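The sequence shown begins at 40 in our numbering and counts up one residue at a time.
All residues carry an ideal CB built from backbone N, CA and C; glycine is no exception.
On a predicted model such as this, the values are computed, not experimentally measured, just so you know.
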Amino acid sequence: QGPAVFNRGIIARNIVQNVRESPLHPGVLVLADLSSYRACLRTPVSGSYRGYQIYGMPPPSSGGIAALEALNLLERYPLEDLIREGETFVRIFSQAQRIAFMDRKHCLADADFVDIPRSKLISKKWARSRMRLIRHSSSTREEIARRLGLAGNERTSHISIMDALGNALAMTTTIEHYFGSAMVVPGRGFVLNNELTDFDAEPHRAFGRRRVPSLNRVESERKPRRTAVDIPASLGGKRPLSSMSPTLVFKDGKPYASLGSPGGTQIIGVVLNVLVNLIDFHMSAEEAVHAPRLIHRGQGIEVEEEFFRNNPWMATWQSKGILVEVREPFGDLQLVLVENPEEGWLSGASDPRGEGTTQGI
Ligand code: DON
40 QGPAVFNRGI
50 IARNIVQNVR
60 ESPLHPGVLV
70 LADLSSYRAC
80 LRTPVSGSYR
90 GYQIYGMPPP
100 SSGGIAALEA
110 LNLLERYPLE
120 DLIREGETFV
130 RIFSQAQRIA
140 FMDRKHCLAD
150 ADFVDIPRSK
160 LISKKWARSR
170 MRLIRHSSST
180 REEIARRLGL
190 AGNERTSHIS
200 IMDALGNALA
210 MTTTIEHYFG
220 SAMVVPGRGF
230 VLNNELTDFD
240 AEPHRAFGRR
250 RVPSLNRVES
260 ERKPRRTAVD
270 IPASLGGKRP
280 LSSMSPTLVF
290 KDGKPYASLG
300 SPGGTQIIGV
310 VLNVLVNLID
320 FHMSAEEAVH
330 APRLIHRGQG
340 IEVEEEFFRN
350 NPWMATWQSK
360 GILVEVREPF
370 GDLQLVLVEN
380 PEEGWLSGAS
390 DPRGEGTTQG
400 I
């Protein structure tokens, strides 16, 4: 019966009733919340990285902007000439992510409610001015401990596809945590999401010495949202900030790679690891996806066990007080790569850390 049955017909009524009458956690959802919802067609954010054109997800995902900002910073260094797991590479690679996460935190939220300086954040000029912030991480152990409480093993799904005609798709989809809100709509066979966890729980953030309202808070009053202003019932409806980073890469105007991953805020760093492995270190699809990972989400370096084991100098950094947190493998990246554009060879790699597979048809 088309989409209408889902957001205004019988299925919508079933969802609303199920949420409002939940014996455990009754919610306040109303039919207008569903009927006024619009899936928007959005223009991707794009930028160049060493001659490749990168297209990423715009707000309300932070993935595209944060990844492009980090890439612009990285482009200023000859990564190709560095040892991939060496100290200089790790410092530059982790700091570029730290800076992108700092700007993500202060500038990004639902663009219907907040003006986002998107072209500034992804400009080469901005990267030039942010370079001076590259340094060793100076986070305290307490900061890391606070964040660790939030780290989870939740799963989202990502699929990357390319076909013989040169069409490319990168799609990330999520209900947030495993089993979402753990509510199943009786008789309908699907679980409702718990995406509210992607909002800031704190209404304010520290910004230097000031406290400023956090952009990604749930609105306290219900304002109309811009993408639905012509719909009178549509008040509120702020979309949570995501990190989902479905990414398409083009070379000379032709598709080169499609990639993405689950992992909440880890997604951005995981995608950056694989992009740098491909573009700077010229790895094959499989090598790029398998290689041990290092990310920085603004609070400290997070590194997979294998990366840490391979590099004894990391323990020296730790002993100097630099935060290097050794973690179980993270991310579940899916990649399709054009190996040979002339002959149309594609190769795929599915993360050994996860449960995906590659398929050629
Ligand atoms: O920030 C995001 O993009 C997440 N809400 C996406 C969901 C996800 O990856 C689930 N895993 N943590």
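Within the same chain, Cβ atoms closer than 7 Å to the Cβ of Ile155 are found at Pro98, Cys146, Leu147, the five residues on either side in sequence being excluded.
In this structure, the ligand DON has no non-hydrogen atom nearer than 7 Å to the beta-carbon of Arg81. In this structure Phe346 is in contact with Arg332, their Cβ atoms being roughly 7 Å apart against a cut-off of 8 Å. Nearest C-alpha to Asn57 among Gly292, Val223, Glu382, Pro380: Val223. In this structure, Thr213 has its beta carbon less than 7 Å from a heavy atom of the ligand DON. Ala296 has its alpha-carbon roughly 6 Å from the corresponding atom of Leu287.
Annotated three-state conformation of Glu114 is coil, per DSSP. In the three-state scheme derived from DSSP, where H, G and I count as helix and E and B as strand, Gln338 is classed as coil. Here His321 is exposed. Its C-beta has fewer than 16 other C-beta atoms within 10 Å. For Gln373, the enclosing beta strand (DSSP E) starts and ends at 373-379.
Distances between the C-beta of Ile306 and the heavy atoms of the ligand DON include at least one below 7 Å. Take the alpha-carbon of Ala207 and the one of Thr355: they are about 44 Å apart. CA-CA distance, Leu374 to Gly95, rounds to 15 Å.
In this structure, Leu160 lies away from Ile138, with their beta-carbon atoms at least 8 Å apart. If you check the CB distance, Gly370 and Ser300 come in under 8 Å.
When rounded, the separation of the alpha-carbon atoms in Glu378 and Lys290 is 12 Å.
A check of alpha carbon separations from Ala150 across Ser196, Ser133, Arg130, Ser101 identifies Ser101 as the nearest. Taking Glu367 as the centre and dropping the five residues before and after it, the same chain places no C-beta closer than 6 Å to its C-beta.
Gly308: member of the alpha helix (DSSP H) spanning 305-318, first to last residue.
Listed in chain order, the non-local C-beta contacts of Leu385 below 8 Å within the same chain comprise Met201, Val375, Leu376, Val377, Glu378, Gly399, local neighbours out to five positions each way being set aside.
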